[in-house]
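Step one of this worksheet: look at the structure below.
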Amino acid sequence: MEFFLFVVIIVLFISLLGVSYLLWNKLKDFTENRKNDQTVLMLQNQIIEMTKQFNERMREQNSTINNQLQKSNEVLQKQFGLNSKQISDINTHTSKIIQEVTERLSKLDETNKKVVSFAEQMKSLENILKSPKQRGILGEIFLENMLSTILPPEAFKMQYMFEKDRKIVDAAIFLQEKILPIDAKFSLELYNQIVNETDAEKRDLLERDFKKSIKIRIDETSQYVRSNEGTTEFAMMYVPADGIFYNLLSHQVGSVAVNSKNLIEYAFEKRVIMVSPMTFFAYLQTVMQYLKELNIGKNVDEIKKRIGLLGKHLKSYDAFMQGLGKNLETTVNKYNSAYHEFKKVNKDVYAITEGQEGGEVEVLEIERPVM
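Under my numbering, the first residue of the sequence shown is numbered 76, with each subsequent residue one higher.
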């Protein structure tokens with residue numbers, strides 16, 4: 076609009092110049108030829124009047140144009156102010172969003188580092204547990220930690236050696252004048268093979284071998300019961316995995332149909348008590364209490380009878396362990412679900428950072444316990 080008004084003013088100005096020039100030429104001609112002519116005077120008066128009228132119109136037009144320009148300028152300034160405020164609000168909101176995204180990305184980066192570190196630790200532990208020898212050492216370490224938690228250092232000894240044949244038991248607890256031997260050996264290879272086996276016939280053979288293997292372990296533990304060398308009338312066979320111990324009590328190892336009742340009875344016949352990390356303390360406290368109240372040398376059969384009564388509590392313990400197994404299954408499911416959600420978050424981080432972060436995490440899914 077301003078440009079159009081400017082063009083109109085220019086055109087009017089040029090027209091005025093043209094008219095003035097023509098009139099001036101005529102006036103000059105008339106003046107030179109007829110200086111005293113009355114017509115020239117009238118023409119001059121007309122020109123003067125026209126000039127006044129033109130100037131008046133020009134002033135009115137300029138006033139109108141200035142008013143319109145002023146209004147347009149006010150509107151533009153007001154609109155510019157609104158636009159500036161909107162842009163400022165947008166910049167402020169954008170800055171907050173960028174700051175929040177940056178903070179969340181920093182937290183995700185820290186979480187990612189922790190998860191990677193945890194995965195590396197789990198991988199290291201997995202590598203350790205692949206070796207039977209390393210698993211045995213790890214089981215002995217767990218056993219030593221539990222013993223050192225409730226017993227003073229002088230009350231037990233790891234890798235105790237018998238004097239006559241110099242055989243070594245994993246641990247020995249010194250109870251007054253008696254020694255309670257504890258054997259922590261337990262074969263895990265057959266158990267893993269059974270769990271992974273899908274062929275029914277091969278599975279049946281492995282189950283039989285597994286039962287034989289447990290009996291062999293019981294026989295090995297029973298060798299440490301030596302009354303003539305000051306041991307108690309029984310030994311403890313430490314099963315370092317609560318899951319396997321629970322499944323033995325519930326007549327199965329995973330989905331392995333092994334007659335656990337016969338195994339437990341066989342262990343009692345061999346004067347061996349099977350314990351796990353969760354039951355070890357309870358058995359130990361019970362044994363220590365009995366040793367304080369009873370004269371072991373005079374009434375060995377009574378001790379065996381009373382220890383046998385502990386089997387009545389196995390049913391209650393079985394119900395407890397079944398509940399524990401369900402809780403473990405729920406925990407594993409929640410863990411796997413959480414890990415899958417984390418993988419989704421990691422994909423989002425990978426997309427947001429355009430491939431600079433994330434995108435390399437593999438889901439470490441834990442198999443659900445077989446009930």
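Ideal Cβ placement from N, Cα and C applies to all residues, glycine included.
Model, not experiment: these values are computed from the prediction.
When the alpha-carbon of Q364 is set against those of E175, Y235 and Q251, the nearest one is in Q251.
Annotated three-state conformation of L250 is strand, per DSSP. By the Cβ neighbour-count rule, P256 is buried, with 16 or more other Cβ atoms within 10 Å of its own. According to the DSSP assignment, Q234 belongs to the beta strand (DSSP E) that extends over F231 to M236. By the Cβ-count criterion, M117 is exposed, with fewer than 16 other Cβ atoms from all chains shown falling within 10 Å of its own Cβ.
Only buried fits M349, as 16 or more other CB atoms lie within 10 angstroms of its CB. Remark: C-beta atoms of R278 and F309 do not approach each other more closely than 9 Å. Contact between the segment 230-240 and the segment 294-308 is present, with at least three C-beta pairs closer than 8 Å. The three-state reading of DSSP puts V350 in strand, counting E and B together. DSSP lists I254 as the bridge partner or partners of T306.
Under the three-pair Cβ rule at 8 Å, the segment 215-229 does not count as touching the segment 176-188. Between the alpha carbons of G383 and K182 lies a gap of roughly 56 Å. Of the residues R179, M396, M312 and L218, the one whose Cα lies closest to the Cα of I291 is M312. Counting the other CB atoms within 10 Å of its CB gives V244 a total of 16 or more, which places it among the buried residues. Judged by DSSP secondary structure, A275 falls within the alpha helix (DSSP H) whose first and last residues are A275 to S297. Per DSSP, E272 lies in no alpha helix (DSSP H) and is assigned neither H nor E. Distances from the alpha-carbon of E344 to those of A259, K127, I293 and D317 put I293 closest. In this model, E135 and N141 are separated by some 10 Å (Cα to Cα).
For the options F285, Y321, Y358 and A342, the alpha carbon positioned closest to that of L403 is the one of Y321. Out of D184, D258 and A230, the CA that lies nearest to the CA of F217 is found in D258. By the beta-carbon neighbour count (other beta carbons within 10 angstroms, threshold 16), L151 is exposed. Counting only the Cα atoms, A275 lies some 18 Å from E264. With contacts defined as CB atoms closer than 9 Å, S351 and D317 qualify as a contacting pair. Taken through DSSP and simplified to helix, strand or coil, D240 comes out as coil. Shortest Cα-Cα distance from L359 to any of N411, A230 and K160 involves A230. Between K286 and L338 a beta carbon distance of about 7 Å is seen, short of the 8 Å cut, so the two are scored as contacting.
Taking a C-beta distance under 9 Å as the contact criterion, E304 and I248 do not qualify as a contact pair.
Cβ neighbours of F355 within its own chain (closer than 7 Å, five residues either side excluded): M221 and Y313. Residue burial is scored here from C-beta neighbours: V176 has fewer than 16 other C-beta atoms within 10 angstroms and is therefore classed as exposed.
Within the segment 130-181, no run of alpha helix (DSSP H) reaches 4 residues while sitting entirely inside it.
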